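Please read the structure below before turning to the comments.
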Amino acid sequence: MPIVAAHLAKIERAVDRTRASYAGQPFAAVHQALAEALQDEGAQRVVPQVVEELAR
């Protein structure tokens, strides 16, 4: 389970960073920023539907 916890921590950091920087922005901008943040964190292996929901 440590691997899963580490992966979830990466996702959480990406979401927190995106939320702080892109609050109130259009969905497309948030979605793109979140995808980039996930890639920067090394967590790009997230189901696309999950990324869309997180971006909303």
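In the numbering used here, the protein residues as written are 622 to 677.
C-beta atoms are modelled at their ideal positions from N, C-alpha and C, and glycine is treated no differently.
These figures come from a predicted structure and were not determined experimentally.
* What residue range is occupied by the uninterrupted alpha helix (DSSP H) comprising Ala644? -> It is not in any alpha helix (DSSP H) - Ala644 carries neither H nor E in the DSSP assignment.
* For Val671, the first and last residue of its enclosing alpha helix (DSSP H) -> 669 to 676
* In or out: Val651 buried (at least 16 other Cβ within 10 Å) or exposed? -> buried
* Asked: Is Arg640 helix, strand or coil by DSSP?
  -> helix
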